[in-house]
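Taking UniProt numbering, the leading residue of the sequence shown gets 1, the next gets one more, and so forth. Note that the Cβ used here is the ideal one computed from N, Cα and C, for glycine as well. Okay, structure first, notes after.
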Amino acid sequence: MAGAPRKKMVGRYEVGWTIGHGSFGKVKFAIDADTGVPVAMKVLDKATILNHRMLQQVAAPPSPSLDPSTLSSSH
Ligand SMILES: Nc1ncnc2c1ncn2[C@@H]1O[C@H](COP(=O)(O)OP(=O)(O)OP(=O)(O)O)[C@@H](O)[C@H]1O
Numbered sequence: 001m002a003g004a005p006r007k008k009m010v011g012r013y014e015v016g017w018t019i020g021h022g023s024f025g026k027v028k029f030a031i032d033a034d035t036g037v038p039v040a041m042k043v044l045d046k047a048t049i050l051n052h053r054m055l056q057q058v059a060a061p062p063s064p065s066l067d068p069s070t071l072s073s074s075h
């Protein structure tokens, strides 16, 4: 018996399907497992980060602006 499919977790976020694609990677639907709040999680392409010298920004300490944005009705 295979059982239920494994949930992919990134930190406290349960990652789901791909919502869209942008210039720097893709955006995934995710749920904050602690609160149940749905968010949009941007997944950056490693090669693009290196090419654009964005590594310092990505490695910076977490700040509110780096948190996955809450899904908005504008998208
Ligand atoms: N907060 C969000 N809620 C719902 N969907 C989103 C959200 N943010 C992004 N998306 C979806 O993901 C797609 C890609 O978004 P993303 O921000 O990566 O690209 P972008 O708008 O082209 O900006 P960038 O130039 O930074 O790549 C959007 O077109 C939209 O479909």
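Residue i (DSSP reduced to helix, strand or coil)
i      : result
Lys-42 : strand
Ala-33 : coil
Lys-28 : strand
Lys-8  : strand
Gly-16 : strand
Nearest-angstrom Cα separation, counted from residue j out to residue i
i          : j      : result
Pro-5      : Ser-23 : 30 angstroms
Gly-36     : Gly-11 : 14 angstroms
residue 84 : Pro-38 : This structure cannot speak to residue 84, because the chain is shown only from 1 to 75.
Ala-47     : Gln-56 : 14 angstroms
Residue nearest to residue i in terms of C-alpha spacing, selected from the options
i      : options                        : result
Met-41 : Gln-56, Lys-7, Glu-14          : Glu-14
Lys-7  : Gly-25, Asp-32, Thr-48, Met-54 : Asp-32
Asn-51 : Asp-34, Gly-25, Thr-18, Phe-29 : Gly-25
Delimiting residues of the beta strand (DSSP E) encompassing residue i
i      : result
His-52 : Taken as a continuous stretch (DSSP letters only), His-52 belongs to no beta strand (DSSP E), as it is neither H nor E.
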